[in-house]
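In this note's numbering, the protein residues as written are 28 to 722. Backbone N, C-alpha and C define an ideal beta-carbon position, used for all residues, glycine too. Structure first, commentary second.
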C-alpha cells in the first residue's frame, strides 16, 4: 500500500492541466480550460478542467475526476497503477518495501502474472540481442524482414531459445513461481507434472496493453519448419490478465498518435503494424486473427471516431473488411475501407512507399463503407433481380445500425443513387430495420435491469411499499429525549426500522422518491466536501455558544433525530470526514479527493465539479458563510420532510390493505401515526423557505 503522505505528494504535484494536455488540446476559458472530451464523440468542447480545484469533468458524458481518475480512464489502469504512473512523470519516489519470500507468495495473483510477463519480455529481448543462437536466428529473422533496431526495441521483440525448458529454468532460478509461468501460458504442464516452454524456438511478439503492461505473447516459428505448417503463430492462451478478444496489438505504441491524428488504421498482423511504424505511420493497430468485436471497438473509440480498414485485396481481405463494418457502424464509428493492390499487404506495400506516399495513396483510394459494400454486392448479384433485392436489403440493414439519424439519411440517399432506386423505399426499409434494432435494445436493457434487480434482492422478489430506512432515536445512546422542538418522533416509538440495502453504491434511483433522497444527500455531501472542516456558530445541549465543524453539524443533526443516510457511500464519506476533521491541517476536499478508497475519491471529484447557485434574494441578503449554513439547514429540513412524506404515503397505502381494514386496532394505530406525521410536516413547513436552484 502506498503511504497517504506519498499519495498527497503525487496528487499535489500532478497539475491537472498538464496531465490532461497530454491527451486533449485545451484552451483557456476564464479561470478554467476547455477541450473536446476524450471519453466520447464530442463535437463541441464539453470537457472542462479546473486548475483551482484540481479536477476535470465532461458535462456531456459525465466522466472526469482528479488527475489519478483521468489517467485511470485514459490508460485503463488501477488506482495504484495510475498513482505510480503520475509519480514517475513527476519524479516522485514511491516508497515500497522490498518483499520478503512470504510477502511475494501472498502477492496479488494478477500482479504476479504481470511480473512474470514483464520478466519474460526482458528475457526474450536479452536472449535475442546477447545470446549467440538468439542473434543468429531471432535477430537475423527480424532483420531479414527489414526491421530496424529502433522498431525492434519499440515493440520489445525477442526470441525464445529452441530448448524445452531454458526459459522456465531461468525464471524459477530468479524466484518466479511455476504456477504463474503456467497460468500466463509461458509454460505448459505435462500429465507427469513437468513443464516445458510453450514458445521454444520462436520469434517473440509481446502484447502490450493500453496501460503499458505485458499481458501476453505471440510466437512465430522460424526457419524450415514454416513450410507446410498450418499454424505459424502461437499465442498465449486466455488468462486472468489476457483475453485476446479484448486486446489490439500495437495499441500502446499507437494510442497517442491515434488521438493526435483522430484516425486509426486497422490491419491484420503483427508485421503489418511493425512495417507501418517503420515507414512513419504510427496510428495503426492489428486484431491479429480475431474477428473485430465490441470490446476492441470500445477501446479504439476512446481515442478516435474514425477508422480505416486496411486489408489485403484478396478474398480473405475482402471478407475481413465486410464482417467488421456493421459492428463499427453500430458503435458510431466513421468507417473507410482500403483494399491494397493484388499481391500486396500493408507490410509489403509500406516497404515500397514512405509515410507521405502511403497517406496520399490511402486518401486517394480509401472508400466509404457504403460505396465499398454496394459495389462489392452488386458485382456478386450481376443481373439476377432476386439476388439483387436480397443484397440491397443487406446494405440497408448495415445503414440501419448507424445511431445518428442524419448520417443514416445521407447514406440512404447515396445508396439510392448508386442502386438507381426510389429513396423513399430504401428509407422505409431502413426505418423498419432501425425500429427492430431499437426494440431488441429495449428488450436487452429490460433483461439486464431484471437481472440486476434479482442480484440486488439476492434472488428474492422485491417487496412493494417498503418502509423508509430510519434508525430509531433510541439507537443513539447520546440522543436527548424528544420534545416539541425536535424531530425524533419521525420514528415511531416501538417501530422496527427497515434494513438498508447492503450492496447499493449510492441509492438505487429506480423511482421518484429514490431520486429525491439521492438529490438531497448529494447536495449535502457536496457542501461537506467543499466546507466540511470549516467552523460554524452553534449551541451545545446546555444552550451555551460553541463552534462546530460543518461535517459534525450534519452528523449531529441527523443522529439527534435518529436518521441515517441511505447512501452507504455518503454515510462512509461523512463518517470518515468526522473521524479526521480535527486532524492538524485537515481540509475535507483534499482528504476526500486523495482518499485511498477509489469510490470515495471518485465521488468527491464529482461533487466538487457540481455547479449550483442560490436564489438571488439570499445572495443579496447574506454572506457566503451565512448562505452555506442556511442552505445546509434547509437541505436537512428538506431531507426530514421527504422522510415524513414517504412514511405518510406508506401509511395511506397500508390503510387500503385488506388485513388492515379488517383490524380496527391496526387502522387506529395507522391513523394516529398519520396525525403525528401531519403535525411534524406542519412544523417543517414553517421552517422551510427559499429553495436552492441546482444546475
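Can residue i and residue j be called in contact, C-beta distance under 9 Å?
i           : j           : result
residue 150 : residue 185 : yes
residue 463 : residue 426 : no
residue 82  : residue 53  : no
residue 234 : residue 226 : no
residue 659 : residue 604 : no
residue 140 : residue 211 : yes
residue 670 : residue 555 : no
residue 356 : residue 396 : yes
residue 148 : residue 241 : yes
residue 262 : residue 277 : no
residue 549 : residue 634 : yes
residue 675 : residue 705 : yes
residue 228 : residue 215 : no
residue 279 : residue 237 : yes
residue 46  : residue 62  : no
residue 40  : residue 106 : no
residue 110 : residue 164 : no
residue 351 : residue 303 : no
residue 335 : residue 365 : yes
Mapping DSSP to helix, strand and coil, what is residue i?
i           : result
residue 224 : strand
residue 55  : strand
residue 685 : helix
residue 233 : strand
residue 395 : strand
residue 208 : helix
residue 163 : helix
residue 259 : coil
residue 707 : helix
residue 31  : helix
residue 143 : helix
residue 272 : helix
residue 389 : helix
residue 349 : helix
residue 247 : strand
residue 186 : strand
residue 595 : helix
residue 657 : helix
residue 238 : coil
residue 284 : helix
residue 362 : strand
residue 214 : strand
residue 611 : coil
residue 138 : helix
residue 497 : Model confidence at residue 497 stands at a pLDDT of 32, short of 50, so the residue's coordinates are unreliable; what they give is reported in the following sentence. Residue 497: coil per DSSP, three-state reduction.
residue 381 : coil
residue 510 : For residue 510, the pLDDT reaches just 39, beneath the cut-off of 50, and the residue's location in the model is therefore unreliable, although a value from the coordinates is still provided. Looking at residue 510 - three-state DSSP - the assignment turns out to be coil, as it is neither helix nor strand.
If distances are taken between C-alpha atoms only, which option among the options comes closest to residue i?
i           : options               : result
residue 330 : 290, 309 and 84       : 290
residue 547 : 621, 667, 563 and 575 : 667
residue 50  : 669, 35 and 99        : 99
residue 305 : 115, 382 and 30       : 382
residue 374 : 328, 199 and 299      : 299
residue 239 : 633, 202, 88 and 282  : 282
residue 199 : 222, 180, 159 and 189 : 222
residue 43  : 600, 74, 30 and 67    : 74
residue 72  : 79, 78 and 88         : 88
residue 434 : 361, 259 and 79       : 361
residue 314 : 297, 302, 377 and 598 : 297
residue 320 : 358, 332 and 339      : 358
residue 614 : 384, 631 and 467      : 631
residue 445 : 419, 45, 194 and 31   : 419
residue 608 : 562, 620, 624 and 279 : 562
residue 618 : 29, 35 and 661        : 35
residue 710 : 693, 326, 665 and 439 : 665
residue 545 : 573, 575, 293 and 593 : 593
residue 65  : 217, 85 and 553       : 85
residue 725 : 90, 30, 260 and 33    : With the chain covering 28 to 722 only, the question about residue 725 has no answer from this structure.
Less than 8 Å separating the Cβ of residue i from some heavy atom of the ligand MN?
i           : result
residue 362 : The model on display carries no ligand, and the ligand MN is accordingly not part of it.
Count Cβ pairs between the stretch 376-390 and the stretch 413-433 that sit closer than 8 Å; are there 3 or more?
no
Determine contact between the stretch 675-694 and the stretch 583-597, defined as no fewer than three beta-carbon pairs at a distance below 8 Å.
no
Taking three-plus beta-carbon pairs below 8 Å as touching, is the stretch 347-357 in contact with the stretch 267-286?
no
Which full runs of the beta strand (DSSP E) of 3+ residues lie inside the stretch 72-121, going along the chain?
74-77 and 82-85
If contact is defined by three or more beta carbon pairs under 8 Å, each pair taking one atom from either stretch, is the stretch 175-190 in contact with the stretch 149-163?
yes
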